[in-house]
Every structure is written in C-alpha cells, then in structure tokens.
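*Asks:* Sharing a structure here in structure tokens format.
Following this line, the structure appears as structure tokens:
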C-alpha cells in the first residue's frame, strides 16, 4: 500500500473566454501536477512534476500567472493533458494507493479534467485522506475552520525553502506535514465523485440584538453608554464575528 500525495495548479477563463460553453464542464483546467509517492514506512519511492499545455484556456490568467510564477512560454511548450496524464497513470501504477490532498478541491477538479479528457475508465480514486482536515484538528481550530498550508508549515517549523503555489512544492510541503502528524489517527475515506448540486436546507437567518448588547454593557458598568462607545462596541463585536483576529497557539 502506498500514499500518493498530490497537488494541482489550474488556469481558468478570463475576458472573452468566459463566453465559452465548455466552462461549465471544466471551469478549472489543470496546468500542473505535482506528486510524491510514499511507502507504508513513509519513505519516498517516486515523484512526479509536469507542466501541462492548456487547450480550453490557452492564455494564462494574469492573476494565476503571478501567483504560480508559471510563464505563458512554459504552457506553450508543454505537452497537453492527455499525454501528461498518461505519464501520471504510469507513475501511479497498479499499486493500492491512498490519495492524500490538502483540501477537497483538487480531488473534485481532477475528476472534472479526467472526465473531460476521456480518462474516466482508466482512473479511479477509491480512498483518500484530506490532510488539511487533520492538520486543522491538530491545531485545535474551531469546527468549520481550516488551516492554510503555509500556516501549518510554519507552525510545525518546516523550513520554507521552496515557493508555494507550485504544485510540486505544495505537494512536498503537504508530504512533510503528513509525516509529522499522527498517521494512525488518520482514517482514509471512500471518495465519491458527484457534481450534482444538492439543495441545502438553510437555517433561519439570525439577527444580532444590538439593543440587548448595549443594555448588557450598561448593566455591567452601571452607567449609560455614550453614542461613541456604542459605535465602538458594535464595531468590535462585528469584527470579532469574522474570526479574523483569532490566533492559533503554536505548539510548544
């Protein structure tokens, strides 16, 4: 059994290309695959890194180009998805693999691309581990909050000697986080690919009782709260609700 840790980078439509009806079938086109293969002892047995020539969105989105540092010339000179993915299938091999990712987005978009390019029969993910989920638990984040890869790497004192937002480098850092966390607590899940939109039953929207909030402060301080103080209290309350000032204690 092997752990296959992979990461992807995508290009997407912009400008006139947004009118392309193919967007719905494959809105994010893979332009890089990076992967590490580990054995059960977490020893590295293989790596994979490839830039892919996009065919749906051949022009690099300016923001993505800046983020990933992938140049248009690299895309133009690369092999198309079908050739690269055939190489990737050979890298995966016929072994029993548990696919490991940082977040669920890459699994979903990989399947979109696989189906779009006609590899549905050749490729199937049975079991996976979302390492981001376990890292978030490790750092005791509140339910529903997920830690970013850079933060996890920094908190675990992993040297950042490679640029992030590169599929191969991100796969490397994901691998390093994976090796530090307690793997025996990670239970692989069965992956089910489904693009069908489900109807979400929304909970009734809650409203904040600001009058009650101010009344509580006046009760606590046994005096009337000024209009300026009210504005500060309400602003601080709203800012606190965003969670932007939550800090994660770095493990000792």
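Residue numbers (full-length UniProt numbering): 1 to 252.
Note that the Cβ used here is the ideal one computed from N, Cα and C, for glycine as well.
Computed from a predicted model, the values in this text were never measured in an experiment.
Based on Cα-Cα distance, which residue from 151, 4 and 180 lies nearest to residue 90?
*Replies:* Along the chain shown, read from residue 1 onward, the residue named residue 90 stands at position 90. The shortest Cα separation from residue 90 among 151, 4 and 180 belongs to 4.
*Asks:* Along the chain, which unbroken stretches of the beta strand (DSSP E) at least 3 residues long are found entirely within the region 67-136?
*Replies:* If we require 3 residues or more, the beta strand (DSSP E) runs fully inside the region 67-136 come out as 97-101 and 127-130.
*Asks:* Rounded to a whole number of angstroms, what is the C-alpha to C-alpha distance between residue 197 and residue 189?
*Replies:* To locate residue 197, count along the chain shown from 1; it is residue 197. To locate residue 189, count along the chain shown from 1; it is residue 189. Any reading at residue 197 needs caution, since the residue's pLDDT is 48, under 50, leaving its predicted position unreliable; the model's value is listed next. Straight-line Cα distance between these residues: approximately 21 Å.
*Asks:* Sort 162, 106 and 29 by Cα distance to residue 116 and report the nearest one.
*Replies:* To locate residue 116, count along the chain shown from 1; it is residue 116. It is 29.
*Asks:* Under 8 Å by Cβ, that's how I've got residue 173 and residue 149 pegged, so tell me the actual separation to the nearest angstrom.
*Replies:* Locating residue 173 in the chain shown gives position 173, where the first residue counts as 1. Locating residue 149 in the chain shown gives position 149, where the first residue counts as 1. At roughly 6 Å, the Cβ-Cβ gap stays under 8 Å, so residue 173 and residue 149 are in contact.
*Asks:* Run through DSSP, which three-state label would residue 197 get?
*Replies:* For the purposes of this step, residue 197 is identified with residue 197 of the chain shown, where counting begins at 1. Caution applies to residue 197, whose pLDDT of 48 falls short of 50 and renders its modelled position unreliable; the model cannot decide the point.
*Asks:* Measuring only the C-alpha atoms, how far is residue 199 from residue 107?
*Replies:* If you number the chain shown from 1, residue 199 lands on position 199. If you number the chain shown from 1, residue 107 lands on position 107. At residue 199, the pLDDT of 42 sits below 50, so the modelled position is not reliable; the number obtained from the coordinates is stated separately. For residue 199 and residue 107, the distance between alpha carbons rounds to 22 Å.
*Asks:* Might you give, ordered along the chain, the residues of its own chain that have their beta carbon closer than 6 Å to the beta carbon of residue 67, omitting 5 neighbours on each side?
*Replies:* To locate residue 67, count along the chain shown from 1; it is residue 67. Short of 6 Å from the beta carbon of residue 67, and not among the five residues preceding or following it, lie these beta carbons of its own chain, in chain order: 165.
*Asks:* In angstroms, rounded to a whole number, what distance separates the CA positions of residue 229 and residue 183?
*Replies:* Mapped onto the chain shown, residue 229 falls at position 229. Mapped onto the chain shown, residue 183 falls at position 183. In a straight line, the C-alpha of residue 229 is about 50 Å away from that of residue 183.
*Asks:* Along the beta strand (DSSP E) that carries residue 35, what are the first and last residues, could you check?
*Replies:* The residue you call residue 35 lines up with position 35 of the chain shown. Taken as a continuous stretch (DSSP letters only), the beta strand (DSSP E) holding residue 35 covers 28-38.
*Asks:* Name the residue from 217, 65, 105 and 85 whose alpha carbon lies nearest to the alpha carbon of residue 27.
*Replies:* Counting from one through the chain shown, the residue named residue 27 turns up at place 27. Closest option to residue 27, Cα to Cα, is 105.
*Asks:* If we call anything under 8 Å between Cβ atoms a contact, is residue 41 one with residue 84?
*Replies:* Taking the chain shown and counting its residues from 1, one reaches residue 41 at position 41. Taking the chain shown and counting its residues from 1, one reaches residue 84 at position 84. No. Outside cutoff.
*Asks:* Could you spell out the range, first to last residue, of the beta strand (DSSP E) harbouring residue 55?
*Replies:* Taking the first residue of the chain shown as 1, we reach residue 55 at position 55. Residue 55 -> no beta strand (DSSP E), and no H or E assigned at all.
*Asks:* Under the three-state reduction of DSSP, which class applies to residue 11: helix, strand or coil?
*Replies:* Indexing the chain shown from 1 puts residue 11 at position 11. Of the three classes helix, strand and coil, the one that applies to residue 11 here is strand, per DSSP.
*Asks:* Report the rounded CA-to-CA distance for residue 45 versus residue 132, giving the unit in angstroms.
*Replies:* Residue numbering aside, residue 45 sits at position 45 when the chain shown is read from its first letter. Residue numbering aside, residue 132 sits at position 132 when the chain shown is read from its first letter. Between residue 45 and residue 132, the C-alpha separation is close to 23 Å.
*Asks:* What are the boundary residues of the alpha helix (DSSP H) that includes residue 179?
*Replies:* Indexing the chain shown from 1 puts residue 179 at position 179. Segment 167-180, the alpha helix (DSSP H) holding residue 179.
*Asks:* Whole angstroms is fine: what's the gap from residue 152's alpha carbon to residue 159's?
*Replies:* Taking the chain shown and counting its residues from 1, one reaches residue 152 at position 152. Taking the chain shown and counting its residues from 1, one reaches residue 159 at position 159. Using only the alpha carbons, I get a separation of about 11 Å.
*Asks:* CA-CA distance, residue 97 and residue 187?
*Replies:* Against the chain shown, residue 97 aligns to sequence position 97. Against the chain shown, residue 187 aligns to sequence position 187. Each residue's Cα considered, the two are about 14 Å apart.
*Asks:* Per the DSSP calculation, residue 189 is bridged to which residue(s)?
*Replies:* Position 189 of the chain shown, counting from 1, holds the residue named residue 189. Answer by DSSP bridge pairing, in chain order: 128.
*Asks:* For residue 50, does the three-state DSSP call read helix, strand or coil?
*Replies:* Along the chain shown, one-based indexing puts residue 50 at 50. Strand, per DSSP.
*Asks:* Compute the Euclidean distance between the alpha carbons of residue 193 and residue 7, then round it to the nearest angstrom.
*Replies:* Locating residue 193 in the chain shown gives position 193, where the first residue counts as 1. Locating residue 7 in the chain shown gives position 7, where the first residue counts as 1. Rounded to the nearest angstrom, the two C-alpha atoms are 18 Å apart.
*Asks:* Can you tell me which residues form a DSSP beta bridge with residue 5?
*Replies:* The residue given as residue 5 occupies position 5 in the chain shown. 36 and 100.
*Asks:* Go ahead and label residue 18 buried or exposed: buried means 16 or more other beta carbons lie within 10 angstroms of its beta carbon, across all protein chains shown.
*Replies:* Stepping through the chain shown from its first residue, residue 18 is reached at position 18. Under this definition residue 18 is an exposed residue.
*Asks:* Taking residue 125 as the reference, give the member of 143, 154, 135 and 92 with the closest Cα.
*Replies:* For this step, residue 125 is matched to residue 125 along the chain shown. Taking only the C-alpha atoms, the option nearest residue 125 is 92.
*Asks:* Quick check on this structure: which residue in 234, 12 and 211 has the alpha carbon closest to the alpha carbon of residue 109?
*Replies:* Within the chain shown, numbered from 1, the residue matching residue 109 stands at position 109. Measuring from the Cα of residue 109, the nearest candidate turns out to be 12.
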